[in-house]
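**Student:** Every position in the sequence shown, counted from 1, becomes a number in the working numbering once 149 is added.
Sharing a structure, written as structure tokens. Questions coming.
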Amino acid sequence: MPIFEYECQGCRHHFELLVLPRDLPSCPKCQGTDLEKQLSILSVSSDGTRQRHLGTARQAAKKVQRDKAHAEHEAYHHHHH
Numbered sequence: 150m151p152i153f154e155y156e157c158q159g160c161r162h163h164f165e166l167l168v169l170p171r172d173l174p175s176c177p178k179c180q181g182t183d184l185e186k187q188l189s190i191l192s193v194s195s196d197g198t199r200q201r202h203l204g205t206a207r208q209a210a211k212k213v214q215r216d217k218a219h220a221e222h223e224a225y226h227h228h229h230h
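As structure tokens, then:
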């Protein structure tokens with residue numbers, strides 16, 4: 150499915166949108182239809198690409214969670230000693 154990047158000429162909101170040939174795209178922020186299609190390096194995403202991005206995002210989220218737990222642990226022990 151083609152995913153296009155747009156910039157709304159009304160409110161300058163930048164967004165990606167899955168567009169079917171019969172659809173008239175509109176801005177999700179202001180519902181404007183004066184849109185400028187942006188050049189995109191990747192306009193079609195495959196299931197494999199999605200899975201890789203999802204895996205990367207999950208790894209990043211786990212690291213953030215670990216770092217936060219470590220910081221809370223350090224703060225607790227520093228405060229109580």
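Just so you know, even glycine gets a beta-carbon here, dropped at the ideal spot from N, CA and C.
Between Gln187 and Glu223, how many whole angstroms is the CB-CB distance? I'm expecting something under 8 Å.
**Tutor:** Contact doesn't hold; Cβ gap of about 43 Å is too wide.
**Student:** Quick one: grab the DSSP three-state call for Gln187.
**Tutor:** Reduced to three states, the DSSP call for Gln187 is strand.
**Student:** Skipping 5 residues on each side, what residues in its chain have a beta carbon closer than 7 Å to that of Ser192?
**Tutor:** Low confidence applies here, because Ser192 scores a pLDDT of 48, under 50, leaving its location unreliable and the question unanswered by this model.
**Student:** In angstroms with no decimal places, state the Cα-to-Cα distance between Ala220 and Gln214.
**Tutor:** If I take the Cα positions, the gap works out to 10 Å.
**Student:** Hey, how far is the Cα of Asp183 from the Cα of Asp216?
**Tutor:** About 43 Å.
**Student:** Hey, how far is the Cα of Lys237 from the Cα of Glu185?
**Tutor:** This structure gives no information on residue 237, because the portion of the chain shown stretches from 150 to 230.
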